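What follows is one structure encoded as structure tokens, with my remarks underneath.
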Amino acid sequence: FPSHDSAMSEAYLFGTKNIHKSINGGASWTVIKNEAPGGDVNDLQFGSDNTGWCVSSAIGGNNNGGIAQTTDGGRTWSIRQTATSGGWYAVDFPTSQTGYVLGTSQLAKTTNGGLNWTYTTPFTLSGKCLHFRNAQTGFAGGLGSSSNICKTTNGATSFNCGNNIGAAAVYFINDQKGIAIRHITGSDTYYKTFDGGNTWEYHNGLLGNSIVTGN
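Right, here's the structure in full:
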């Protein structure tokens with residue numbers, strides 16, 4: 055789907071290594087790319103009609119995980135990073151030049167539109183989701199025994215993490231109000247924050263894996 059600051063009508067989605075595009079609000083879809091680079095494609099984001107990024111995890115054999123970028127609407131992809139094990143599970147570009155990808159316990163950042171990446175291990179969680187309000191302030195969430203919702207205000211130089219409040223998806227309505235969903239088999243937990251993610255309220259009764267918003 056388009057990035058935060060996009061006002062496009064086009065939409066993209068991915069299936070089993072295929073990427074689809076709609077130009078009529080989802081009434082019909084066209085496969086624009088078969089066999090997206092890597093193994094299982096886990097996340098996809100377009101910043102414009104032509105430029106987008108996808109991340110994938112390795113699934114064995116020649117299906118390496120990694121980071122891929124397109125500049126022609128998804129028809130061709132350039133591999134920016136490959137991994138023979140593990141891989142990446144979330145991607146978020148708050149601006150056209152600054153972007154982040156999240157792996158099992160690793161974060162990568164680019165400041166030149168995805169051409170080059172730097173890698174850090176700023177927390178211990180089974181990485182699942184990213185949401186950045188801007189280039190400096192963002193959130194990383196994950197699932198697993200040591201999962202948290204982690205917040206950065208300095209462009210991922212450092213993170214402050216909660217305790218056992220992991221998330222499969224996180225989204226902020228504005229600078230202060232946000233919601234996180236933690237979906238585990240047999241659980242329907244979600245959290246709300248009203249102070250920019252510094253503290254989170256526990257709730258239940260909502261079951262889901264992702265949060266999608268319209269422009």
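The sequence shown begins at 55 in the numbering used here and counts up by one. Backbone N, C-alpha and C define an ideal beta-carbon position, used for all residues, glycine too. If you're wondering where the values come from, they're calculated on a predicted model, not measured in any experiment.
**OP:** Specify the secondary structure class of SER102 as computed by DSSP and reduced to three states.
**Re:** Coil, per DSSP.
Original post:
Between ASN214 and chain D, is there a C-beta pair that is closer than 8 Å?
Top reply: You won't find chain D in this structure, because it holds only one protein chain.
**OP:** Using DSSP bridges, identify the partner residues of LEU156.
**Re:** Paired residue(s): ALA144, LEU161.
Original post:
Where do the ends of the beta strand (DSSP E) carrying LEU184 lie?
Top reply: Bounds of the beta strand (DSSP E) holding LEU184 are 181-186.
**OP:** Give the single residue among ALA223, GLN99, VAL95 whose Cα lies nearest to the Cα of TYR66.
**Re:** Per the C-alpha coordinates, the member of ALA223, GLN99, VAL95 positioned closest to TYR66 is GLN99.
Subject >> Which of helix, strand or coil DSSP assigns to GLU255 >> reply: Residue state, collapsed to three classes: strand.
**OP:** Go ahead and pull the three-state DSSP assignment for ILE73.
**Re:** Strand, per DSSP.
Original post:
To the nearest whole angstrom, what separates the beta carbons of GLY140 and GLY157, a pair I think is in contact under 8 Å?
Top reply: Correct: roughly 6 Å between the Cβ atoms.
Original post:
From GLY181 to ASN78, what does the alpha carbon distance come to, in whole angstroms?
Top reply: One C-alpha to the other measures close to 33 Å.
Original post:
Tell me which same chain residues have a C-beta within less than 7 Å of the C-beta of ASN188, skipping the five on either side of it?
Top reply: PRO148, listed in sequence order.
Subject >> Cα-Cα separation, ILE219 to ASP249 >> reply: Answer to the nearest angstrom: the Cα atoms are 16 Å apart.
Original post:
In three-state terms, what does DSSP make of GLN135?
Top reply: In this structure, GLN135 counts as strand in the three-state DSSP scheme.
Original post:
Nearest to VAL85 by alpha carbon, out of GLY153, THR125, VAL95, ILE73?
Top reply: Comparing C-alpha distances from VAL85 to each of GLY153, THR125, VAL95, ILE73 shows the shortest one belongs to ILE73.
**OP:** Please name the residue in ILE133, LEU197, THR172 whose C-alpha comes closest to that of TYR143.
**Re:** In terms of CA proximity to TYR143, LEU197 leads the group ILE133, LEU197, THR172.
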